[in-house]
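One structure is given here, and the rest of the page talks about it.
There are 2 protein chains.
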Amino acid sequence: MEQRPGGRSARVRDAVRQATLAELAEQGYGGLTVENVAIRSGVHKTTVYRRWGSVEGLIADALGIAREEPWPIPDTGSFQEDLREIVLLVQRGFADPVAGPISTAFVTAAAQSGDAARSLHDFFTARHEQAAEVVRRAVERGEVPAGTDGAEVIRMAVAPIYYRLFVTHEPVTEHDAIRAADAATVAARAGVIR
Amino acid sequence: MEQRPGGRSARVRDAVRQATLAELAEQGYGGLTVENVAIRSGVHKTTVYRRWGSVEGLIADALGIAREEPWPIPDTGSFQEDLREIVLLVQRGFADPVAGPISTAFVTAAAQSGDAARSLHDFFTARHEQAAEVVRRAVERGEVPAGTDGAEVIRMAVAPIYYRLFVTHEPVTEHDAIRAADAATVAARAGVIR
């Protein structure tokens, strides 16, 4: 019997989380079932039900993987360039044939499940905090006034991408991403994001 | 048999649309059923199924009412004030105990149904176009450079509200609304929203 951390229980958890992500990529939230995750992970269905409870529980746990993944924060020396790279990373992520459907499934799941919404909230809090580093550096360089709310700059820069994808259902281009980043850059420099 | 426009068929349609909105306000998208809409509207269930097909069809048609409603476009004489009023209207709409759940239900429905997504897309296209009037006036007054994309200014002003509500699941305050409007104002004046 393995009892050490990273043993059987951790391997089961990892297999289920990875299977959840793979199913989300292929089927989206609407097609995710506990049964299919059990089959793909090779973990018995009753075990998946006992430990994760439901599709919402699977999603919430899989979001944990995403939250733990290090996120590449650009450091180009220019606030405007850093912000453009962050928004382009988001835009390209949704355009990616594998990562896109997974991210979309997380947002869709959160609209329908309180558990998933709380997990997604925590995920974005972590992302905003990490990405706000580009604002802290810009303040140090004197590009942006002290007192600027870094997380809010990130929200404003990426919000138009999510708005098109999940609210107005419009296409999103690189031009849209750059324009949104530039608008947030100008607003932050002007000292209105506090 | 009434055949004139606005006759029996139109009354049935109006009753069903109003019942859909009332059910959405009370139950949200997750609780909307054709059966309950039939009961509330007094229209026979088989008629509702025949004409609207499903919950998604009901949502798509109810969104038509929302699209046809005139939207109060502010005209304060100041671009910044006009934009603040538009974003505050959105923020207060979602905070409203009746209108809020209906608007939320539309966004949630669109995440799960292509029909609802197309209806919501058309709804927002109409709203952006109407609200862009405040940008056209600002261009005429010389507050904002010619060539500014009015619909995009509106998207950027309101996007942070929707981002908090539907993506990050964070609370939204009037301060958030004013700040988002001011950021879009500054960016539009600087000529980066083209």
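Protein chains in written order, with full-length UniProt numbering: chain A, 1 to 194; chain B, 1 to 194.
Beta carbons: idealized from backbone N, C-alpha and C, even for Gly.
Mind pulling the chain B residues with CB within less than 7 Å of residue i?
| i | result |
| --- | --- |
| A:Asp182 | Val192 |
| residue 273 of chain A | Examination of residue 273 of chain A is not possible in this model, given that chain A is present from 1 through 194 alone. |
| A:Phe94 | None at all; the shortest Cβ gap to chain B is about 12 Å. |
Quick one: list the residues of chain A neighbouring residue i, beta-carbon separation under 7 Å, in chain order.
| i | result |
| --- | --- |
| B:His121 | Thr168, His169, Glu170 |
| B:Ala187 | Ala183, Val186, Ala187 |
| B:Ala117 | His169 |
| B:Phe79 | Those within 7 Å of B:Phe79 in chain A number zero; the least Cβ separation is about 14 Å. |
How far does the alpha helix (DSSP H) with residue i in it reach, from first residue to last?
| i | result |
| --- | --- |
| B:Val186 | 174-189 |
| B:His128 | 114-131 |
| B:Thr47 | 45-52 |
| B:Ile86 | 79-95 |
| A:Ala59 | According to the sequence displayed, residue 59 of chain A carries Ile and not Ala. From DSSP, the alpha helix (DSSP H) with A:Ile59 extends over 55-68. |
| B:Thr20 | 8-27 |
| B:Ala38 | 34-41 |
| B:Glu170 | Taken as a continuous stretch (DSSP letters only), B:Glu170 belongs to no alpha helix (DSSP H), as it is neither H nor E. |
| A:Val158 | 150-163 |
Would you mind sorting residue i into buried or exposed? The rule is 16 or more other CB atoms within 10 Å of its CB.
| i | result |
| --- | --- |
| A:Pro160 | buried |
| B:Ser41 | buried |
| A:Ala38 | buried |
| A:Trp52 | buried |
| A:Gly31 | exposed |
| B:Val175 | For the record, residue 175 of chain B in the displayed sequence is His; it is not Val. Classification of B:His175: exposed, given that the 10 Å Cβ count is below 16. |
| A:Arg50 | exposed |
| A:His44 | exposed |
| B:Ala184 | buried |
| B:Thr173 | exposed |
| A:Gly114 | exposed |
| A:Glu56 | buried |
| A:Thr108 | buried |
| B:Glu152 | buried |
| A:Asp75 | exposed |
| A:Thr46 | exposed |
| B:Gly142 | exposed |
| A:Asp182 | buried |
| A:Arg8 | exposed |
Using a Cβ cut-off of 8 Å, pull out every chain B residue sitting near residue i, in sequence order please.
| i | result |
| --- | --- |
| A:Val107 | Ala111, Phe166, Val167 |
| A:Pro74 | Ordered by position in chain B, no residue passes the 8 Å Cβ test against A:Pro74, which lies about 19 Å from the chain. |
| A:Gly30 | Gln112 |
| A:Arg155 | Pro160, Tyr163, Arg164, Thr168 |
Could you tell me how far apart the beta carbons of residue i and residue j are, in whole angstroms, since I believe they sit closer than 8 Å?
| i | j | result |
| --- | --- | --- |
| A:Phe106 | A:Leu120 | 6 Å |
| A:Pro145 | A:Gly191 | 4 Å |
| B:Ile117 | B:Ala110 | Residue identity check: residue 117 of chain B is Ala in the sequence provided, not Ile. Confirmed, Cβ separation roughly 4 Å. |
| B:Leu165 | B:Phe94 | 6 Å |
| B:Val139 | B:Leu83 | Contact doesn't hold; Cβ gap of about 13 Å is too wide. |
| A:Thr148 | A:Ala177 | Not really, about 21 Å apart at Cβ, beyond 8 Å. |
| A:Phe123 | A:Leu63 | 5 Å |
| B:Tyr29 | A:Val167 | The pair is not a contact, with the Cβ atoms about 14 Å apart (cut-off 8 Å). |
| B:Ile86 | B:Ala132 | That belief does not hold up - the Cβ atoms of B:Ile86 and B:Ala132 are roughly 10 Å apart, past 8 Å. |
| A:Trp71 | A:Arg127 | 6 Å |
| B:Ile193 | A:Arg179 | 7 Å |
So which residues on chain A does residue i lean against when the C-beta distance must stay under 8 Å?
| i | result |
| --- | --- |
| B:Pro70 | Residues of chain A passing the Cβ test: none, with the nearest at roughly 20 Å. |
| B:Arg179 | Glu152, Val192, Ile193, Arg194 |
Just to check, is the beta-carbon of residue i closer than 7 Å to a non-hydrogen atom of the ligand HEM?
| i | result |
| --- | --- |
| B:Val16 | Ligands are entirely absent from the displayed structure, and the ligand HEM is therefore not among its contents. |
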